[in-house]
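Chains as they are written, first to last, in our numbering: chain Y, 15 to 364; chain F, 556 to 893. Cβ atoms here follow ideal geometry from the backbone N, Cα and C, with glycine treated the same way.
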């Protein structure tokens with residue numbers, strides 16, 4: 015009878031292995047770059063030792079550490095949000111952005127960069143910290159507004175309709191963004207495209223004060239619904255028959271997932287594929303549908319994938335920084351394909 | 556354990572509400588379900604069987620009337636308390652995700668477990684009992700997605716059993732199953748109702764099995780009435796026929812089944828005895844012929860069966876067939892102007 019003691023120990027082993035991977039990639043990420051450090055130097059810098067000079071300490075503490083932390087938190091948030099969306103919609107293709115928070119964020123950013131920018135606001139010079147903060151506000155605001163509209167519309171309809179409403183709102187907003195882009199100058203377009211590549215380097219310590227609590231809040235909200243989420247795998251009717259208040263659960267889970275997705279998009283730009291790949295990979299690795307296992311697994315797997323993507327995107331040994339979004343897709347898509355091929359049938363994986 | 560009513564419907568009106576518009580499916584329904592009773596809900600397509608099941612399960616509000624579960628109004632009972640008294644088996648039995656049968660059954664323990672759904676020893680005992688009760692113990696570790704329809708239906712029933720509710724409503728659990736699996740499932744359910752003193756209501760299209768297994772039948776007519784009684788009583792007094800008979804269908808009280816009207820214009824005389832005669836008659840009826848009652852009544856042809864040979868006599872000419880198959884082929888090949 016499940017769970018066997020061997021299953022439990024295998025699961026603990028799996029978690030330990032992923033955690034070790036996270037520590038390894040995070041260490042590598044902090045050490046490697048235009049200036050190379052040894053792990054010892056990094057430790058000394060973090061502990062405030064005088065052995066490391068001030069410039070190096072600043073690179074480690076003020077640039078690399080927040081970036082690694084952002085990558086880890088974003089991946090964890092997207093992994094969890096993807097899992098929540100896939101369960102609520104009972105759809106293996108659902109990702110954290112099904113309610114359109116991504117498009118909402120992009121509209122906010124497009125308005126700032128393509129409309130307000132030419133009208134006199136100077137943002138494109140990367141040094142302007144206030145400009146960075148304005149972008150974050152615009153994109154978070156756009157995501158929040160979209161979420162509000164979709165949740166309001168979705169209160170009275172069934173779950174498949176929510177999915178379609180989210181999709182339609184995404185298309186509508188995408189069309190508005192296209193129109194804005196059509197009337198924009200080339201250099202403005204370039205800065206918008208740069209935003210859409212995604213970047214974990216935008217969150218430094220001051221922004222972290224907002225980023226971290228929002229992510230922890232979203233994760234916490236999702237964790238409250240472990241049991242109803244398991245029941246929802248059987249569909250809303252069955253869930254209600256075992257005492258779940260399905261509508262109520264659906265609302266809060268969608269809210270939590272969208273806060274996670276919206277926060278990541280707001281601070282780092284749209285990061286695709288991690289949100290789909292992490293839950294699928296977790297199901298494949300742990301061979302279960304129980305959210306008691308899948309929530310921590312998706313958080314850890316998402317964090318690991320995200321850290322690795324960021325590490326590769328920063329091109330260790332190269333002088334270029336590749337678009338983060340391209341790397342997450344390059345990692346995420348093969349992961350999904352491999353898991354599917356290995357299981358032969360989607361039915362077995364999802 | 557008393558036989559007091561678990562679920563009572565009084566002057567119930569069921570249907571759908573779209574804003575101010577109401578679509579009434581059936582009304583003035585009075586019925587009750589008691590412990591230890593296996594009830595089958597029958598009715599032609601569109602009579603509202605699923606609507607009634609959903610309404611009784613509290614998934615859909617009644618348009619009017621009263622629904623009481625152990626004396627309390629159904630809609631006033633908190634979802635968790637209701638889940639402890641009433642379980643359902645729906646047609647949508649397919650879970651998404653990599654769920655093994657044990658995990659699926661364990662969801663039936665949700666009304667009893669804590670915030671994070673951890674299982675106590677008592678929960679596990681009940682899950683194992685439920686799997687055993689439907690003969691699904693060997694399936695515990697299998698992925699639900701990989702089970703056959705029949706196995707999945709058993710696991711689905713085990714999940715409802717794990718809920719420890721005294722009342723179980725099943726919406727067409729035997730659909731998609733082959734005949735042996737349907738018979739097996741019906742006998743499992745009937746035995747559970749009797750042994751565990753459960754009140755089971757099952758909707759089905761399987762008239763024959765319902766007649767054989769149910770303690771009581773609920774017949775929903777196309778006009779939205781609910782007729783109740785023991786299967787044999789409904790068959791005897793003709794109410795069974797009334798609900799299902801249509802222009803092209805007759806209730807044959809002798810065999811307890813339905814058959815198409817004999818609209819034959821050509822009769823055939825059969826001479827012979829035994830099984831061969833029975834099946835020859837069936838073949839002829841299937842092909843649209845009537846059977847001549849007497850030796851003198853007019854017949855298109857006659858068939859004499861003896862020693863495994865079918866001899867057809869038609870307009871004075873005789874023809875022999877070595878098998879019933881050859882006879883059928885010949886009949887189908889001729890132009891009878893039926």
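A residue is called buried once 16 or more other Cβ atoms fall within 10 Å of its Cβ, and residue 243 of chain Y is buried on that count. For the set F/562, F/853, F/719, F/762, the Cα lying nearest the Cα of residue 630 of chain F is the one of F/562. Judged by DSSP in its simplified three-state form, residue 571 of chain F adopts strand. The C-alpha of residue 223 of chain Y is placed about 25 Å away from the C-alpha of residue 63 of chain Y. Under the 7 Å criterion on CB atoms, residue 247 of chain Y is classed as interfacial with respect to chain F.
Contacts with chain F at 7 Å (Cβ-Cβ) include residue 256 of chain Y. For residue 758 of chain F, the enclosing beta strand (DSSP E) starts and ends at 754 to 758. Annotated as proximal: residue 607 of chain F and residue 569 of chain F, with beta-carbon spacing under 7 Å.
Three or more beta-carbon pairs separated by less than 8 Å link the segment 641 to 655 of chain F to the segment 716 to 727 of chain F, which places the two stretches in contact.
If you look at residue 638 of chain F, you'll find it in the alpha helix (DSSP H) that goes 634 to 640. For residue 866 of chain F, there is no enclosing alpha helix (DSSP H); the enclosing beta strand (DSSP E) has its first and last residue at 864 to 869. Fewer than three pairs of CB atoms, one per stretch, sit closer than 8 Å, so the segment 61 to 75 of chain Y makes no contact with the segment 242 to 260 of chain Y. Assignment of beta-bridge partners to residue 564 of chain F by DSSP yields F/586, F/622. Your pair residue 275 of chain Y and residue 110 of chain Y checks out as a contact, with CB atoms roughly 4 Å apart and the cut at 8 Å.
Taken in chain order, the members of the segment 655 to 685 of chain F whose beta-carbon sits within less than 9 Å of a beta-carbon on chain Y are 655, 657, 658, 659, 661, 662, 663, 664, 665, 666, 668, 669, 670, 671, 672, 673, 679, 682, 683. DSSP places residue 809 of chain F outside any beta strand (DSSP E), giving it a letter other than H or E.
Per DSSP, reduced to three states, the secondary structure at residue 243 of chain Y is helical. Your pair residue 233 of chain Y and residue 281 of chain Y does not check out as a contact, with CB atoms roughly 15 Å apart and the cut at 8 Å. The beta carbon of residue 241 of chain Y falls within 7 Å of a beta carbon belonging to chain F, placing the residue at that interface.
Contact check for residue 838 of chain F against residue 847 of chain F fails: the beta carbons are separated by 7 Å or more. The CB of residue 259 of chain Y comes closer than 8 Å to the CB of 634 in chain F, given here in chain order.
Under the 7 Å criterion on CB atoms, residue 303 of chain Y is classed as interfacial with respect to chain F. DSSP, read as helix, strand or coil, puts residue 727 of chain F in coil. Taking 8 Å as the Cβ-Cβ cut-off, the segment 598 to 631 of chain F approaches chain Y at 612, 614, given in chain order. 7 Å or more divides the Cβ of residue 271 of chain Y from the Cβ of residue 65 of chain Y. Under a 10 Å Cβ-count criterion, residue 761 of chain F is classified as buried, with 16 or more other Cβ atoms of the shown protein chains found around its own Cβ.
With distances taken between CA atoms, residue 698 of chain F lies nearest to Y/301 out of Y/301, Y/312, Y/219. Chain order gives the chain Y residues near residue 643 of chain F as 255, where near means a beta carbon separation below 7 Å. In this structure, the alpha-carbon of residue 700 of chain F lies about 24 Å from that of residue 239 of chain Y.
By the beta-carbon neighbour count (other beta carbons within 10 angstroms, threshold 16), residue 305 of chain Y is buried.
When the Cα atoms are used, residue 341 of chain Y and residue 627 of chain F turn out to be separated by approximately 59 Å. Note on geometry: alpha-carbon atoms of residue 769 of chain F and residue 724 of chain F lie some 14 Å from one another.
The beta carbon of residue 705 of chain F does not come within 7 Å of any beta carbon belonging to chain Y, so the residue lies off that interface. Counting of Cβ neighbours within 10 angstroms places residue 665 of chain F among the buried residues, the total reaching 16 or more.
About 7 Å separates the beta carbon of residue 119 of chain Y from that of residue 284 of chain Y, a gap short enough to meet the 8 Å contact definition.
The segment 286 to 295 of chain Y makes no contact with the segment 179 to 191 of chain Y: fewer than 3 CB pairs, one atom from each, lie closer than 8 Å.
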